[in-house]
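Here the structure is laid out as structure tokens; the discussion comes afterwards.
Residue numbers (this note's numbering): 114 to 407.
Right under this line is the structure:
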């Protein structure tokens with residue numbers, strides 16, 4: 114199976130540029146248009162930050178845009194939550210986040226959570242796709258928590274015919290960069306304990322707005338760059354620069370070298386233009402306000 118992996122689409126309630134001048138819907142349209150000729154897409158995965166403001170209108174627009182593309186490919190769609198998402202509106206529009214070709218919810222099991230955590234699993238062509246909810250309301254860092262980890266352990270107790278793919282927003286792997294370590298997944302070690310020795314073949318994430326590869330308990334972890342913008346790590350250490358340029362990843366789960374990752378970039382004449390820059394003091398303020406110690 115070939116997965117089209119999108120993340121951080123940050124759709125707003127209106128079809129207009131955001132406060133930084135980037136039109137999220139136009140970025141997604143441009144990316145999907147350039148993907149039209151790509152063959153063999155079996156599933157579309159959106160790994161969080163679906164809506165920028167958590168509004169039902171944003172989720173409706175995101176669902177319709179992604180499903181319109183996916184339907185032409187004959188592919189189901191899988192969404193998970195990110196730190197910008199709001200669970201109630203997500204559930205109202207996207208249900209479990211697992212949407213079949215016919216528009217119906219395809220989840221075969223969901224987590225039982227009084228907080229409304231959106232964790233679910235479905236099977237596509239023998240591949241089990243499992244979404245986890247790493248959202249910590251009001252914060253930027255992520256945490257899965259004991260309830261979801263217990264549920265995941267139960268789901269993985271029986272292997273799927275072609276193995277499992279875990280999807281969550283916050284990466285359990287980071288570069289040696291303070292903002293990533295502070296605002297990434299805070300219970301990565303606990304997640305590693307659950308997936309170790311199971312049929313999990315791959316973990317797909319977003320959040321960092323850049324492409325990154327690593328391993329968690331010997332399981333490959335892929336972080337795809339964002340659709341809305343891309344973080345440019347050539348900025349001076351301790352600062353952050355975001356630039357224009359929608360990106361996506363094709364993940365091939367078949368073949369002798371699987372999993373294979375192929376990064377695609379939208380043809381955007383403004384790609385590389387600066388969206389925002391945070392100096393050392395500004396980035397420190399973000400880390401202090403929105404990290405786990407706040």
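Each residue gets a CB set at the ideal place from its N, CA and C atoms; glycine is no exception.
A quick note: this is a predicted structure, and the numbers were derived from the prediction, not measured.
Opening and closing residue of the alpha helix (DSSP H) in which residue i lies
| i | result |
| --- | --- |
| residue 316 | Not the alpha helix (DSSP H): residue 316 falls in the beta strand (DSSP E), residues 313-318. |
| residue 306 | 301-308 |
| residue 184 | 169-186 |
| residue 400 | 393-403 |
| residue 373 | Counting along the chain, residue 373 falls outside any alpha helix (DSSP H), though it belongs to the beta strand (DSSP E) covering 373-378. |
| residue 262 | 259-268 |
Pairwise C-alpha distance: residue j and residue i
| i | j | result |
| --- | --- | --- |
| residue 194 | residue 319 | 10 Å |
| residue 274 | residue 237 | 10 Å |
| residue 151 | residue 164 | 26 Å |
| residue 220 | residue 117 | 19 Å |
| residue 161 | residue 179 | 13 Å |
| residue 409 | residue 265 | For the chain, the structure presents residues 114 to 407; residue 409 sits outside this window and is missing. |
Residues sharing a beta bridge with residue i, DSSP
| i | result |
| --- | --- |
| residue 241 | 236, 277 |
| residue 147 | In the DSSP output, where bridge partners are listed per residue, residue 147 has none listed. |
| residue 211 | 191 |
| residue 360 | 378 |
| residue 343 | 356 |
| residue 221 | The partner list for residue 221 (beta bridge, DSSP) is empty, contrary to what the question assumes. |
Residue burial classification, residue i (beta-carbon count within 10 angstroms, cutoff 16)
| i | result |
| --- | --- |
| residue 383 | exposed |
| residue 159 | buried |
| residue 375 | exposed |
| residue 130 | exposed |
| residue 68 | The displayed coordinates of the chain run from 114 to 407. Any statement about residue 68 would go beyond what the structure contains. |
Element boundaries [beta strand (DSSP E), containing residue i]
| i | result |
| --- | --- |
| residue 155 | 154-160 |
| residue 291 | Note, residue 291: premise wrong, no beta strand (DSSP E); alpha helix (DSSP H) at 291-296. |
| residue 355 | 353-356 |
| residue 332 | 332-336 |
| residue 326 | 325-329 |
| residue 116 | 115-119 |
Cutoff 7 Å: residue i Cβ touching any chain E Cβ
| i | result |
| --- | --- |
| residue 349 | Absent here is chain E; the protein component of the structure consists of one chain. |
Are there three or more Cβ pairs, one per stretch, closer than 8 Å when the region 344-352 is compared with the region 386-400? The region 344-352 vs the region 386-400: in contact.
Could you tell me whether the region 281-298 touches the region 318-333, where touching means 3 or more Cβ pairs closer than 8 Å? Contact holds: three or more Cβ-Cβ distances are below 8 Å.
Using 8 Å as the cut-off, can you tell me whether the region 204-222 makes contact with the region 254-261, which would need three or more C-beta pairs spanning the two stretches below that distance? Short answer: they don't touch.
Inter-stretch contact (C-beta, 8 Å, three-pair minimum) for the region 300-308 and the region 336-344: Taking 8 Å as the limit for Cβ pairs, the verdict is that the region 336-344 does not touch the region 300-308.
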